Amino acid sequence: MFHLWFQLRAMASADLVDLEQDEAGIFCTYCDSPVPAAKVCLHCEVSLCDKHLMKHNRAVEHVLLEPTTSWENRKCSIHKKALEYYCCEACICVYCSAGEHREHAVETLNEASEKKKHNLRNILEELTSERKEVEDRIQSLQGQSREQQETFDGFKKQVTDMIENIRNKLGALEKELMSEISRQTQKVSQQILDLEIKKEELSRKMRHIKELCNLTDPLTVLQRLESDRDDFCDSEGEDIEDTDGDNTKVVEYLRLNNIIEALNCTLPKFATTTRSCLLPPEASDMLLGVHTASEMMLDINTAGNYVHVSEDLKNASHSRIEKNRPETPERFSHNQVLSSGSFSSGKHYWEVEVNKSWGAVVGLAYPSIDRKGEKSAIGNNNKSWGLWICRNHYYVKHESKVTRLPHSPSCQRLGLLLDYEAGRLSIYELCDPVRHIHTITAVFAEPLHAMFGTYSMLEEPQKQIHNDQPAWVSIRSHLD
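According to the numbering used here, the sequence shown is numbered sequentially starting from 757.
Quick look at the structure:
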């Protein structure tokens, strides 16, 4: 079949050559002016117009063909006679048919051509059918391609969004790491400076003592000792240690460890290097058993009807429009909300962000706290403890007793470290450096929920203040 296909292509090529020659113009050999040829004589190798064709020799050897300039491929290469017969896949002349092909089944060119054309028509039908199948397949694949393109477009968007999210997180990680490296560098530099000052002071005292030792007058020695008594007192009591210093370090290490854990998700090898570089050896012991409540969420079933809770259950804010939520036993009448999870043992750490001027409250509460009435507000009972942020001041409230703290808010991010067994809730401002605000102490008798308030009417000692700016509180992960 393929042999016939190649022959078909060869014949088509020959016809194309003839067509090109016709277009170029084949003219009568005998006419003085250009007259298109009607036939050519293969024997004489001349082109004939209709007029000269009538006068031309009609003998058998004078084979007349359509006009062409391709003479050589029309003659036998051996006998130089016209090719008139077909045998053994070859075109032959009359002398070939009487010679080496005399015992063969020889056909005229017309007969052989018709048979070949018949075979070619069969091939053409098969090729037509095959082409139809190919066209159907192309249409099917084009349909699949369109569907795939839609799928790929969606996938590409997901990949782009994911990569952008990773970029943003890596950018936040880079910022946090650079800040931590800078902080630790400055901390060491400040320690060196402080020690240099202390060294200079000690050198001064040493020189003074040496001068006294070199004096020969005993009265002068005693008088000088009395007047310079402060130089010779034990200076060990000069450094006043922060009673919450260790916990402050824990919070600093927790924040740094959160950065490293975030790095570990994308760059585990680099996270290992960062951990060994930035976290001191004692950090592992100090962080042992401390759980980061990164998945803390708000329980909307406890939220008061003037508290707006975000869809991700991470943000609470004061709403001027009543929410008309179902009235249930667990819902507060005040503008406050509990966390969905509780703590009954161990050490736990979480971070929040508040508007530091008005109305935000963070703290702890037992699940048995009243939900209705004045005593159900944070700190108005013995079942809750609250840190209130009001008019750029901090207040701690428990059993309706209010204590104003000496610190003024310096940043919006707070860290809370709960040690259930020790009965402590330590609260820190997550500025640079981390600053301890207050530690609430109690003997906890029930599981504890984190509690959040968003008030528009705040109580300071002996007066009420109306808040025109909606209060809000957000639970944050370290890289938010």
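Quick reminder that beta carbons are idealized off the backbone N, C-alpha and C, glycines included.
As the structure is a computational prediction, the values presented were derived from the model and not from experiment.
Secondary structure of residue i, DSSP reduced to three states
i: Asn1080; result: coil
i: Tyr851; result: helix
i: Val1108; result: strand
i: Lys1103; result: strand
i: Ala969; result: It should be noted that the sequence gives Cys, not Ala, for residue 969. Correct three-state label for Cys969: helix.
i: Asp909; result: helix
i: Thr824; result: coil
i: Gly899; result: helix
i: Glu1185; result: strand
i: Glu891; result: helix
i: Gly927; result: helix
i: Leu981; result: helix
i: Met1207; result: strand
i: Asn813; result: coil
i: Ser846; result: Position check: residue 846 holds Ala in this sequence, whereas Ser was assumed. Note: Ala846 maps to strand in three-state DSSP.
i: Pro792; result: strand
i: Ser959; result: helix
i: Gln839; result: Strictly speaking, residue 839 in this sequence is Leu, with Gln absent from that position. Looking at Leu839 - three-state DSSP - the assignment turns out to be coil, as it is neither helix nor strand.
i: Asp1126; result: coil
i: His1074; result: strand
i: Ser1233; result: coil
i: Leu1069; result: coil
i: Gln1168; result: coil
i: Ile919; result: helix
i: Leu880; result: helix
Residue i to residue j span [Cα, whole Å]
i: Tyr1105; j: Thr1048; result: 5 Å
i: Lys913; j: His1149; result: 46 Å
i: Tyr786; j: Arg814; result: 17 Å
i: Phe911; j: Glu891; result: 29 Å
i: Gln979; j: Leu949; result: 34 Å
i: Lys871; j: Pro792; result: 32 Å
i: Tyr1062; j: Glu1051; result: 24 Å
i: Glu1130; j: Asn1136; result: 7 Å
i: Glu779; j: His857; result: Below a pLDDT of 50, predicted positions are generally treated as unreliable, and Glu779, at 45, falls in that range; the measurement from the model is reported next regardless. Using only the alpha carbons, I get a separation of about 38 Å.
i: Glu952; j: Ile937; result: 22 Å
i: Glu997; j: Arg1191; result: Residue placement at Glu997 is poorly supported in this model, since its pLDDT is 40, which falls under 50; the coordinates are not used for a value here.
i: Ala868; j: Arg877; result: 14 Å
i: His799; j: Pro823; result: 14 Å
i: Ile848; j: Tyr842; result: 6 Å
i: Leu1094; j: Ser945; result: 43 Å
i: Phe1099; j: Gln900; result: 54 Å
i: Ser1066; j: His1074; result: 11 Å
i: Arg939; j: Glu1109; result: 22 Å
i: Ser935; j: Glu1107; result: 18 Å
i: Gln904; j: Thr916; result: 18 Å
i: Thr972; j: Arg963; result: 16 Å
i: Ile1193; j: Leu1054; result: 24 Å
i: Thr884; j: Ser826; result: 32 Å
i: Trp1141; j: Ala1201; result: 13 Å
i: Leu929; j: Met918; result: 16 Å
i: Val862; j: Lys873; result: 17 Å
i: Ile801; j: Leu820; result: Reading off the sequence shown, one finds Glu at residue 801, where the question assumed Ile. The alpha-carbon atoms of Glu801 and Leu820 are separated by roughly 10 Å.
i: Gln895; j: Glu886; result: 14 Å
Where residue i falls, given that 16 or more other Cβ within 10 Å makes a residue buried
i: Phe908; result: exposed
i: Asp1175; result: buried
i: Asn970; result: exposed
i: Asn1091; result: buried
i: His1205; result: buried
i: Cys1167; result: exposed
i: Ile1077; result: exposed
i: Cys852; result: buried
i: Leu958; result: exposed
i: Gly781; result: exposed
i: His759; result: Note that His759 scores 45 on pLDDT, short of 50, meaning its location in the model is unreliable; the coordinates nonetheless yield the value given after this. Exposed, because fewer than 16 other Cβ atoms sit within 10 Å of the Cβ of His759.
Cβ pair residue i, residue j closer than 7 Å
i: Asp1122; j: Lys1139; result: Looking at the sequence itself, residue 1122 is Tyr, so the reference to Asp does not match. Yes; because the gap between Cβ atoms is below 7 Å, this pair is in contact.
i: Thr1197; j: Gly1179; result: yes
i: Lys1128; j: Ile1231; result: no
i: Cys797; j: Cys784; result: no
i: Gly1115; j: Tyr1211; result: yes
i: Arg1169; j: Leu1186; result: yes
i: Val1229; j: Ala1133; result: no
i: Val850; j: Glu859; result: no
Of the listed residues the options, nearest to residue i (C-alpha basis)
i: Asn1111; options: Lys1157, Ser1164, Pro1082; result: Ser1164
i: Thr1195; options: Thr1159, Ala1227, Cys1167, Trp1228; result: Thr1159
i: Pro1085; options: Ser1100, Glu1107, Asn1057; result: Asn1057
i: Leu1117; options: Asp1126, Lys1153, Glu1067; result: It is Val, not Leu, that sits at residue 1117 in the sequence shown. The residue with the shortest Cα to Cα distance from Val1117 is Lys1153.
i: Asn829; options: Ser1124, Ala838, Leu1170; result: Ala838
i: Pro1203; options: Thr976, Arg1087, Leu1120; result: Leu1120
i: Gly1171; options: Glu845, Glu840, Tyr1184; result: Tyr1184
i: Lys795; options: Met810, Asp788, Ser789; result: Met810
i: Ile834; options: Glu1083, Gly855, Ser826, His818; result: Gly855
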